[in-house]
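Under the UniProt record's numbering, the first residue of the sequence shown carries the number 1, and numbering increases by one thereafter.
Structure, as structure tokens:
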Amino acid sequence: MGMIGKIKEHLPVSEYLSDQGQNVLSALAFSTVLWLALILTMRSILKLLLCYHGWMYEEFGKMSNTTKIWLALVKIFAGRTPMLYSYQASLPRLPVPAIKDTMQRYLESVRPLMTDAEFNRMTGLARDFERSLGPRLQWYLKVKSWWASNYVSDWWEEYVYLRGRSPLMVNSNYYGMDFLYVTPTPVQAARAGNVVYAMLLYRRKLTREEIKPLMIQGTLPMCSAQYERMFNSTRLPGVEADTIQHLRDSQHIAVYHAGRFFRIWLYHNGRLLRPRELQAQFQRILDDATPPLPGEAKLAALTAGNRSVSPPPQAGPRAAPPRGTGTLSDPHPHFSGSPGPAPDTPIFALGRTCSR
Numbered sequence: 001m002g003m004i005g006k007i008k009e010h011l012p013v014s015e016y017l018s019d020q021g022q023n024v025l026s027a028l029a030f031s032t033v034l035w036l037a038l039i040l041t042m043r044s045i046l047k048l049l050l051c052y053h054g055w056m057y058e059e060f061g062k063m064s065n066t067t068k069i070w071l072a073l074v075k076i077f078a079g080r081t082p083m084l085y086s087y088q089a090s091l092p093r094l095p096v097p098a099i100k101d102t103m104q105r106y107l108e109s110v111r112p113l114m115t116d117a118e119f120n121r122m123t124g125l126a127r128d129f130e131r132s133l134g135p136r137l138q139w140y141l142k143v144k145s146w147w148a149s150n151y152v153s154d155w156w157e158e159y160v161y162l163r164g165r166s167p168l169m170v171n172s173n174y175y176g177m178d179f180l181y182v183t184p185t186p187v188q189a190a191r192a193g194n195v196v197y198a199m200l201l202y203r204r205k206l207t208r209e210e211i212k213p214l215m216i217q218g219t220l221p222m223c224s225a226q227y228e229r230m231f232n233s234t235r236l237p238g239v240e241a242d243t244i245q246h247l248r249d250s251q252h253i254a255v256y257h258a259g260r261f262f263r264i265w266l267y268h269n270g271r272l273l274r275p276r277e278l279q280a281q282f283q284r285i286l287d288d289a290t291p292p293l294p295g296e297a298k299l300a301a302l303t304a305g306n307r308s309v310s311p312p313p314q315a316g317p318r319a320a321p322p323r324g325t326g327t328l329s330d331p332h333p334h335f336s337g338s339p340g341p342a343p344d345t346p347i348f349a350l351g352r353t354c355s356r
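Written out as structure tokens, the structure reads:
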């Protein structure tokens, strides 16, 4: 098609660039543009293919020819070795439902919770909303859906999740635990070291995007956005709304034992500590007989309280133990992502740092 020649004609003339160099530079520019165009085309085609939902309404085990052809095309354009976030740009946007459908589903959901009189009143309010304010809000949602992959996720996070003032315990917190019915070793420090090391290896794979995305029937990709905040994240309390802080990396973990908080560094000279080295750090914590600071033993109970509770005053200074001191009121969350105290409102000059 003569594209390389046309690119060569528009290259600036330079005495340092020979004719052969211009040919190489033109070929490189053409191949780069062609490669980018191919990627964008494949992503666009995959996005169009993923908009097909006919397979969801077919009887299990009886697949139509249309769905079979569709699955074959999805496998072709999806690639063989996807990374964790490879499909994020190809996922279809969340469609905005019609107002009538939204009102109908809402009324069906609240019907068992209301008396006949209350339901009739709510039905009238829903019809008024559908005729008055509803169309304007519907237009706003459609406009936002044109540039946002999910028109409701950021609003839900800010106005429902982060503005919720109820305690995080039971309501929002997640946790992980060791084997329940299998005891690989009775040594507590060894089990803790192995668990932490396994979590760190998983975090490394997550950072490198080596984890395969979730796939329905091994073909249809699911959204991987929730993986981004699995580690190095914390929810900072506020008076009216909390904030989420996420770091690219974190070098330590926070450990709670016998009413005391410890910080364990995870790296030494840029190298991740081995399970045996982590076990030694945990064992030092178990062997430490230092009593908790005033108020430190009950500090973790703040997580079970209302999110708007004002923090207590900062405790006074304390003599450093032989292993060195630290503080949990710094602005950096530890790698596990559990909610912690706000960085701008230090609670206690806590902490003991375990180092090698």
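Every residue gets a Cβ at the ideal spot worked out from N, C-alpha and C, and that includes glycine.
None of these values were measured; they are calculated from a predicted model.
> At what residues does the alpha helix (DSSP H) containing R204 begin and finish?
Replying inline: Looking up residue 204 in the sequence shown gives position 204. Unbroken alpha helix (DSSP H) run through R204: 188-207.
> Looking at C-alpha atoms only, which residue of P213, F119, T183, L162 is the closest neighbour of M83?
Replying inline: Looking up residue 83 in the sequence shown gives position 83. Checking every option, the nearest Cα to that of M83 belongs to P213.
>> Is the beta carbon of G193 closer than 8 Å to that of Q279?
In response: Working through the sequence shown from its first residue, we reach residue 279 at position 279. Working through the sequence shown from its first residue, we reach residue 193 at position 193. In this structure, G193 lies closer than 8 Å to Q279 by Cβ.
>> Can you tell me whether D242 is buried or exposed? The criterion is at least 16 other CB atoms within 10 Å of its CB, across all chains shown.
In response: As a first step, residue 242 must be located in the sequence shown, where it is residue number 242. Burial call: buried.
> If you count every other CB in all the chains shown that lies within 10 Å of the CB of Y87, and 16 or more means buried, which is it?
Replying inline: Reading the sequence shown from its first residue, position 87 is the one you call residue 87. With 16 or more Cβ atoms within 10 Å of its Cβ, Y87 is classed as buried.
>> Relative to the C-alpha of residue 362, which candidate in N306, F231, R235, P292 has its C-alpha closest?
In response: With the chain running from 1 to 356 in the structure shown, residue 362 is simply not present.
> How many angstroms separate the CA atom of Y267 from the CA atom of R284?
Replying inline: Here residue 267 refers to the residue found at position 267 when the sequence shown is read from its first residue. Here residue 284 refers to the residue found at position 284 when the sequence shown is read from its first residue. Approximately 17 Å between the Cα atoms of the pair.
> Between the beta-carbon of A126 and the beta-carbon of L107, is there less than 8 Å?
Replying inline: Within the sequence shown, numbered from 1, the residue matching residue 126 stands at position 126. Within the sequence shown, numbered from 1, the residue matching residue 107 stands at position 107. In contact: A126 and L107 (Cβ atoms closer than 8 Å).
> Going by other Cβ atoms of all chains shown within 10 Å of its Cβ, with 16 needed for buried, is N232 buried or exposed?
Replying inline: In the sequence shown, counting from the first residue as 1, residue 232 sits at position 232. Answer is buried; the Cβ neighbour count reaches 16.
> Quick one: Cα of G218 to Cα of R80, how far?
Replying inline: For the purposes of this step, residue 218 is taken as the residue at position 218 of the sequence shown. For the purposes of this step, residue 80 is taken as the residue at position 80 of the sequence shown. Approximately 11 Å between the Cα atoms of the pair.
>> Taking the beta carbon of E228 as the centre, do at least 16 other beta carbons fall within 10 Å, making it buried, or is it exposed?
In response: In the sequence shown, the residue the question calls residue 228 occupies position 228. Per the 10 Å Cβ criterion, exposed.
>> Between which residues of its own chain and A300 is the CB-CB distance below 8 Å, once the five residues before and five after are set aside?
In response: The residue you call residue 300 lines up with position 300 of the sequence shown. Cβ within range, chain order: Y256.
> What three-state label does DSSP hand I244 in the structure shown?
Replying inline: As a first step, residue 244 must be located in the sequence shown, where it is residue number 244. I244: strand per DSSP, three-state reduction.
> Taking all protein chains shown into account, do 16 or more other C-beta atoms lie within 10 angstroms of the C-beta of P317, making it buried, or fewer, making it exposed?
Replying inline: As a first step, residue 317 is located in the sequence shown; it is residue number 317 there, counting from the start. The predicted model places P317 with a pLDDT of 35, which falls under 50 and marks its position as unreliable, so this point remains unresolved.
> So, are the CB atoms of V239 and S172 less than 8 Å apart?
Replying inline: Looking up residue 239 in the sequence shown gives position 239. Looking up residue 172 in the sequence shown gives position 172. Their beta carbons are not under 8 Å apart, which means V239 does not touch S172 by this criterion.
>> Can you tell me whether Q20 is buried or exposed? The criterion is at least 16 other CB atoms within 10 Å of its CB, across all chains shown.
In response: Here the question's residue 20 lines up with position 20 in the sequence shown. Counting Cβ neighbours within 10 Å, Q20 comes out exposed, since fewer than 16 surround it.
> What does a CB cutoff of less than 8 Å around R191 pick up in its chain, not counting 5 residues either side in sequence?
Replying inline: One-based indexing of the sequence shown puts residue 191 at position 191. Once the five neighbours on either side are set aside, the close Cβ partners of R191 are D178, P184, T185.
>> Under DSSP, the alpha helix (DSSP H) around T66 begins and ends at which residues?
In response: To locate residue 66, count along the sequence shown from 1; it is residue 66. Taken as a continuous stretch (DSSP letters only), the alpha helix (DSSP H) holding T66 covers 65-78.
>> Which of the three DSSP states is assigned to I4 in this structure?
In response: The residue you call residue 4 lines up with position 4 of the sequence shown. Here I4 sits in helix by DSSP.
>> For N150 and Y57, what's the separation of their Cα atoms in angstroms?
In response: Counting from one through the sequence shown, the residue named residue 150 turns up at place 150. Counting from one through the sequence shown, the residue named residue 57 turns up at place 57. If you take the alpha carbons of N150 and Y57, they lie about 23 Å apart.
> Can you tell me the Cα-Cα spacing of C51 and P92, whole angstroms?
Replying inline: In the sequence shown, counting from the first residue as 1, residue 51 sits at position 51. In the sequence shown, counting from the first residue as 1, residue 92 sits at position 92. Their Cα atoms are separated by approximately 6 Å.
>> Taking DSSP's pairing of strands, which residues face M83 in a bridge?
In response: By one-based count along the sequence shown, residue 83 stands at place 83. For M83, which the question treats as bridged, DSSP gives no partner whatsoever.
>> From the DSSP secondary-structure annotation, give me the bridge partner or partners of V255.
In response: In the sequence shown, residue 255 corresponds to position 255, counting from 1. Beta-bridge pairing links V255 to F262.
> Is the segment 58-65 in contact with the segment 37-47, if contact means three or more CB pairs nearer than 8 Å?
Replying inline: no
>> Among L200, G54, G2, whose alpha-carbon lies nearest the alpha-carbon of F30?
In response: Within the sequence shown, numbered from 1, the residue matching residue 30 stands at position 30. Of the candidates L200, G54, G2, the one whose C-alpha sits nearest the C-alpha of F30 is G2.
> Hey, out of V196, V160, R271, whose CA is closest to G176's CA?
Replying inline: The residue you call residue 176 lines up with position 176 of the sequence shown. Closest option to G176, Cα to Cα, is V196.
> Do you know how far the Cα of I4 is from the Cα of S18?
Replying inline: For this step, residue 18 is matched to residue 18 along the sequence shown. For this step, residue 4 is matched to residue 4 along the sequence shown. So the alpha carbons of these two residues sit roughly 16 Å apart.
> Under the rule that 16 or more other beta-carbon atoms within 10 Å means buried, what is I253, buried or exposed?
Replying inline: Locating residue 253 in the sequence shown gives position 253, where the first residue counts as 1. Buried.
> From what residue to what residue does the beta strand (DSSP E) around L302 run?
Replying inline: By 1-based counting over the sequence shown, the position of residue 302 is 302. Per DSSP, L302 belongs to no beta strand (DSSP E) and is neither H nor E.
> Start and end of the beta strand (DSSP E) containing L286?
Replying inline: Residue numbering aside, residue 286 sits at position 286 when the sequence shown is read from its first letter. No beta strand (DSSP E) holds L286; the alpha helix (DSSP H) holding it covers 275-287.
> Taking the continuous beta strand (DSSP E) assigned at R235, which residues delimit it?
Replying inline: Here residue 235 refers to the residue found at position 235 when the sequence shown is read from its first residue. Its beta strand (DSSP E) spans residues 233-236.
> Using CA coordinates, which residue listed in P237, E277, I264 is at the minimum distance from T303?
Replying inline: Walking along the sequence shown from the start, residue 303 turns up at place 303. Minimum Cα distance to T303 is reached at P237.
> Who are residue 360's beta bridge partners in DSSP?
Replying inline: Past the boundaries of the shown model lies residue 360; the chain is included only from 1 to 356, so the question cannot be answered.
>> To the nearest angstrom, how far is the alpha carbon of D154 from that of D128?
In response: Working through the sequence shown from its first residue, we reach residue 154 at position 154. Working through the sequence shown from its first residue, we reach residue 128 at position 128. Computed Cα separation, rounded: 28 Å.
> Would you say L73 and L49 are within 8 Å of each other, going by their C-beta atoms?
Replying inline: Stepping through the sequence shown from its first residue, residue 73 is reached at position 73. Stepping through the sequence shown from its first residue, residue 49 is reached at position 49. Yes, the Cβ-Cβ distance between L73 and L49 is below 8 Å.
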